[in-house]
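What follows is a single structure, written as structure tokens, with notes after it.
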Amino acid sequence: MASKHRMMKAFWQHLTRRSLAGAIVMAGAFGALSAQADDNGGALVADLDTEQATVESQPAASRSAPDIDLKEVAPPPAAAAEPASPDAGAKPLSEPMSDSIQPAPAVEAPKITASFSLLGSDIRPGISTRLAWSPNIQIAGLSQPTPVLVVNGINPGPTLCLTSAIHGDELNGIEIVRRTLYDLDATKLSGRVVGVPIVNLPGFEQGSRYLPDRRDLNRHFPGSSNGSLADRIAHSLFTQVINHCDMLVDIHTGSQKRTNLPQLRADMNNPDVAAFTLGFDRMAVVHSSGSPGMLRTAAANAGIRAVTLEAGESHRIQEHQIEAGVNSLISLLEKQEMISRMFVWGAPEPVYYDSLWVRVDHGGILFSKVALGDRVNKGDLMGYVTDPITNAQYPVRATRSGRLIGMAVDQVVMAGFAAYHLGTKADSPEFHTSGELDHADNTGMGESVEAVENGDDLIDNDG
Numbered sequence: 005m006a007s008k009h010r011m012m013k014a015f016w017q018h019l020t021r022r023s024l025a026g027a028i029v030m031a032g033a034f035g036a037l038s039a040q041a042d043d044n045g046g047a048l049v050a051d052l053d054t055e056q057a058t059v060e061s062q063p064a065a066s067r068s069a070p071d072i073d074l075k076e077v078a079p080p081p082a083a084a085a086e087p088a089s090p091d092a093g094a095k096p097l098s099e100p101m102s103d104s105i106q107p108a109p110a111v112e113a114p115k116i117t118a119s120f121s122l123l124g125s126d127i128r129p130g131i132s133t134r135l136a137w138s139p140n141i142q143i144a145g146l147s148q149p150t151p152v153l154v155v156n157g158i159n160p161g162p163t164l165c166l167t168s169a170i171h172g173d174e175l176n177g178i179e180i181v182r183r184t185l186y187d188l189d190a191t192k193l194s195g196r197v198v199g200v201p202i203v204n205l206p207g208f209e210q211g212s213r214y215l216p217d218r219r220d221l222n223r224h225f226p227g228s229s230n231g232s233l234a235d236r237i238a239h240s241l242f243t244q245v246i247n248h249c250d251m252l253v254d255i256h257t258g259s260q261k262r263t264n265l266p267q268l269r270a271d272m273n274n275p276d277v278a279a280f281t282l283g284f285d286r287m288a289v290v291h292s293s294g295s296p297g298m299l300r301t302a303a304a305n306a307g308i309r310a311v312t313l314e315a316g317e318s319h320r321i322q323e324h325q326i327e328a329g330v331n332s333l334i335s336l337l338e339k340q341e342m343i344s345r346m347f348v349w350g351a352p353e354p355v356y357y358d359s360l361w362v363r364v365d366h367g368g369i370l371f372s373k374v375a376l377g378d379r380v381n382k383g384d385l386m387g388y389v390t391d392p393i394t395n396a397q398y399p400v401r402a403t404r405s406g407r408l409i410g411m412a413v414d415q416v417v418m419a420g421f422a423a424y425h426l427g428t429k430a431d432s433p434e435f436h437t438s439g440e441l442d443h444a445d446n447t448g449m450g451e452s453v454e455a456v457e458n459g460d461d462l463i464d465n466d467g
């Protein structure tokens, strides 16, 4: 009798670990088992305990990411998500269970994409979710993860990565990523989109362009696991997120109180990248091969089609610039056949294969007479510098004809300050396909994008 009592107790403890549907099936067999309780009840108890121990000892696979409506307000992402219940697919209790039920005839299922694994999570097709990335460089007790948004489409397709705020004071990109990701419907998307709205979280919290050690994160990619703080963060992001992507758009703004016309920076000598830029309607393209350490340079070297998207100025949220960035990304998604949307934003903008910065020759207060996007001819007045003490005024004129793709905001300047960024188109297609750029007439008039990127001041930071 004691062995039967032990068996019943173990049996009902076992049932509480099972779904109710499974319990019903087991209950049907209990009558037959109870008859044998006196003879082998101890063995049955041992079998139940052994089975439960086996289940609990099985290693957990990569956790299944929850499906989230990104448009709804939600708590911050957790470092780990609960795995999906193994009984999620069990039959409802009200559904009759009979051996006479025949399976439905097989039908050809629509072709859907596979699950997408990222940051230790398994993201099923047709869902949107929030994950968390941590480079593990902070004090453990004070560390906080960086949110990563993922929309995994129901249909097969490429993976597009969107990154912003690699410089913590560049705000427009954060909103561009948010609006783009939250507007996507995973059940209608082909491929997947991964967004990291705030890469440099410490810099963002401090309103600073740089990391806490004063390094520029966008000069350390692809990074290393045993280098400086910036090297380690860059390595973590590149290996855990960027390497999972086929395409990358890294979003930035101007720096040092300068603003940029919405534009792409791209290495037009790279055929894959040049073709990639065709997807951004109404977005000017400035040729720049990039500098070592930049995210887009490291990504391109890894075989990822990568560009930098510049829009506006730092420390500000600018609706017009944000709208331009979102529209360009929607256009890209449509051109890549990731979404089906009759979207025409505007006629393609030209490619500027050469550019230069015009510097002021006197100190004082800069007042501009031109605006972003204006076209100027050589010798045109673009602004003037006023000496507040002597009342002298010094005109700043265009050193060549071109379009204003970047400029400084009105401010106090010193002699040598880079004030206006002029972009010029090539005279022939061979200008960039040969891999050579002619800067011969730039002497004494300004610097090209690449010259400034490689300089000490990095005023035109290309990210």
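Each position in the sequence shown, counted from 1, maps to that position plus 4 in the working numbering. We treat Cβ as the ideally placed atom computed from N, Cα and C, and that holds for glycine. Computed from a predicted structure; not experimentally measured.
**Q.** Given residue 368 as reference, the closest of 241, 389 and 227 once Cα atoms are compared
**A.** Here residue 368 refers to the residue found at position 364 of the sequence shown. Of 241, 389 and 227, the residue nearest in Cα terms is 389.
Q: Taking all protein chains shown into account, decide if residue 147 is buried (16 or more other Cβ within 10 angstroms of its Cβ) or exposed.
A: Translated into the one-based positions of the sequence shown, residue 147 becomes position 143. By the 10 Å Cβ count, residue 147 comes out exposed.
Q) For the beta strand (DSSP E) that residue 397 lies in, which residues bound it at each end? A) The residue labelled residue 397 in the question sits at position 393 within the sequence shown. Annotation: the continuous beta strand (DSSP E) that includes residue 397 extends over 397 to 401.
Q) First and last residue of the beta strand (DSSP E) that includes residue 159? A) Counting from 1 along the sequence shown, the entry for residue 159 is found at position 155. Residue 159 -> beta strand (DSSP E) spans 159 to 168.
Q.
For a quick check, are the C-beta atoms of residue 420 and residue 265 less than 8 angstroms apart?
A. On the sequence shown, residue 420 is found 416 positions in, with the first residue counted as 1. On the sequence shown, residue 265 is found 261 positions in, with the first residue counted as 1. Between residue 420 and residue 265, the C-beta gap is not smaller than 8 angstroms, which leaves the two residues out of contact.
Q. In its own chain, which residues sit with a C-beta less than 6 angstroms from the C-beta of residue 219, not counting the 5 before and 5 after it?
A. To locate residue 219, count along the sequence shown from 1; it is residue 215. Hits under 6 angstroms: 234.
Q: With a floor of 4 residues, list each alpha helix (DSSP H) that falls wholly inside the stretch 256 to 327, ordered by position along the chain.
A: Correct list: 275 to 280 and 299 to 305.
Q: Can you give me the Cβ contacts of residue 350 inside the same chain, cut-off strictly under 8 angstroms, excluding the 5 residues immediately before and after it?
A: Here residue 350 refers to the residue found at position 346 of the sequence shown. Within the same chain, residue 350 has close Cβ partners 285 and 286.
Q: Count the other C-beta atoms from every protein chain shown that fall within 10 angstroms of the C-beta of residue 337, then say buried if there are 16 or more, exposed otherwise.
A: Here residue 337 is taken as the residue at index 333 of the sequence shown, counted from 1. Answer is buried; the Cβ neighbour count reaches 16.
Q) Would the beta-carbon of residue 252 fall within 8 angstroms of that of residue 300? A) In the sequence shown, the residue the question calls residue 252 occupies position 248. In the sequence shown, the residue the question calls residue 300 occupies position 296. Yes. Within cutoff.
Q.
Considering just the uninterrupted stretch of the alpha helix (DSSP H) at residue 181, what are its terminal residues?
A. Here the question's residue 181 lines up with position 177 in the sequence shown. Boundaries of the alpha helix (DSSP H) harbouring residue 181: 176 to 186, taken from the DSSP string.
Q) Since residue 137 sits in a beta bridge, which residues does DSSP pair it with? A) One-based indexing of the sequence shown puts residue 137 at position 133. Residue 137 is bridged by DSSP to 150.
(Q) The beta strand (DSSP E) that contains residue 428, what's its start and end? (A) For the purposes of this step, residue 428 is taken as the residue at position 424 of the sequence shown. Under the DSSP assignment, residue 428 falls in the beta strand (DSSP E) whose first and last residues are 422 to 428.
Q. Do you know how far the Cα of residue 197 is from the Cα of residue 141?
A. For this step, residue 141 is matched to residue 137 along the sequence shown. For this step, residue 197 is matched to residue 193 along the sequence shown. Cα to Cα, residue 141 sits roughly 26 angstroms from residue 197.
Q.
For a quick check, are the C-beta atoms of residue 255 and residue 181 less than 8 angstroms apart?
A. Here residue 255 refers to the residue found at position 251 of the sequence shown. Here residue 181 refers to the residue found at position 177 of the sequence shown. Cβ atoms of residue 255 and residue 181: closer than 8 angstroms.
Q. Leaving out five residues before and five after residue 317 in sequence, what residues of the same chain have Cβ atoms less than 6 angstroms from its Cβ?
A. Within the sequence shown, numbered from 1, the residue matching residue 317 stands at position 313. These residues qualify, in order along the chain: 257, 258 and 263.
**Q.** Nearest residue (CA-CA) to residue 352, options 172, 398, 312 and 289
**A.** Numbered from its first residue, the sequence shown carries residue 352 at position 348. With distances taken between Cα atoms, residue 352 lies closest to 289.
Q | Span of the alpha helix (DSSP H), counted from its first residue to its last, around residue 208 | A | Here residue 208 corresponds to residue number 204 of the sequence shown, with the count starting at 1. Unbroken alpha helix (DSSP H) run through residue 208: 205 to 210.
**Q.** the stretch 271 to 286 contacting the stretch 193 to 207, beta-carbon criterion three pairs below 8 angstroms
**A.** Touching, no, given that fewer than three Cβ pairs across the two stretches are closer than 8 angstroms.
Q. In angstroms, rounded to a whole number, what distance separates the CA positions of residue 250 and residue 429?
A. As a working mapping, residue 250 is identified with position 246 in the sequence shown. As a working mapping, residue 429 is identified with position 425 in the sequence shown. Approximately 29 angstroms, taken between the alpha carbons.
Q: Quick one: grab the DSSP three-state call for residue 329.
A: Taking the first residue of the sequence shown as position 1, residue 329 is located at position 325. Helix at residue 329.
Q: Find the nearest neighbour of residue 391 within the set 399, 381 and 378, judged by alpha-carbon distance.
A: Here residue 391 refers to the residue found at position 387 when the sequence shown is read from its first residue. Looking at the Cα atoms, 399 is the closest of the given residues.
Q: Please determine, among 407, 192, 134 and 275, the residue with the shortest C-alpha to C-alpha distance to residue 381.
A: By one-based count along the sequence shown, residue 381 stands at place 377. Its Cα nearest to that of residue 381, the residue 407 stands out among 407, 192, 134 and 275.
Q) residue 357 and residue 291: beta carbons closer than 8 angstroms? A) The residue labelled residue 357 in the question sits at position 353 within the sequence shown. The residue labelled residue 291 in the question sits at position 287 within the sequence shown. The answer is yes: Cβ separation under 8 angstroms.
Q | Stretch pair the stretch 157 to 173 + the stretch 117 to 128: three plus CB contacts closer than 8 angstroms | A | Pairwise C-beta distances place the stretch 157 to 173 in contact with the stretch 117 to 128, as three or more of them are shorter than 8 angstroms.
Q: With DSSP collapsed to three states, give me the class of residue 236.
A: The residue given as residue 236 occupies position 232 in the sequence shown. Helix at residue 236.
(Q) Do residue 124 and residue 224 have their beta-carbon atoms positioned less than 8 angstroms apart in this structure? (A) For the purposes of this step, residue 224 is taken as residue 220 along the sequence shown, with counting starting at 1. For the purposes of this step, residue 124 is taken as residue 120 along the sequence shown, with counting starting at 1. No, the Cβ-Cβ distance between residue 224 and residue 124 is not below 8 angstroms.
Q) Do you know offhand how far residue 90's Cα is from residue 133's? A) Start at 1 with the first residue of the sequence shown, and residue 90 comes out as number 86. Start at 1 with the first residue of the sequence shown, and residue 133 comes out as number 129. Legend: pLDDT at residue 90 = 36, less than 50; position of this residue unreliable, value from coordinates given subsequently. Roughly 20 angstroms separates the two Cα atoms.
Q | Nonlocal neighbours in the same chain, by C-beta distance under 6 angstroms from residue 126, ignoring five residues either side | A | As a position in the sequence shown, residue 126 is number 122, starting the count at 1. Same-chain partners within the cutoff: 66, 68 and 119.
Q.
By the three-class DSSP mapping on this structure, what secondary structure does residue 143 have?
A. As a working note, residue 143 is residue 139 in the sequence shown. Coil at residue 143, not helix or strand.
Q) Three-state secondary structure (DSSP) at residue 190? A) Looking up residue 190 in the sequence shown gives position 186. Residue 190 falls in the helix class under three-state DSSP.
Q.
With the cut-off set at 8 angstroms, would you say residue 179 and residue 343 are in Cβ contact?
A. Mapped onto the sequence shown, residue 179 falls at position 175. Mapped onto the sequence shown, residue 343 falls at position 339. When the beta-carbon positions are compared, residue 179 and residue 343 stay at least 8 angstroms from each other.
Q. By DSSP, does residue 243 sit in helix, in strand, or in coil?
A. Indexing the sequence shown from 1 puts residue 243 at position 239. Looking at residue 243 - three-state DSSP - the assignment turns out to be helix.
Q: Determine the burial state of residue 164: buried for a count of at least 16 other Cβ atoms within 10 Å of its Cβ, exposed for fewer.
A: On the sequence shown, position 160 is the one that residue 164 refers to. It counts as buried.
Q: Give the straight-line distance between the Cα atoms of residue 402 and residue 359, rounded to the nearest whole angstrom.
A: Looking up residue 402 in the sequence shown gives position 398. Looking up residue 359 in the sequence shown gives position 355. Using only the alpha carbons, I get a separation of about 12 angstroms.
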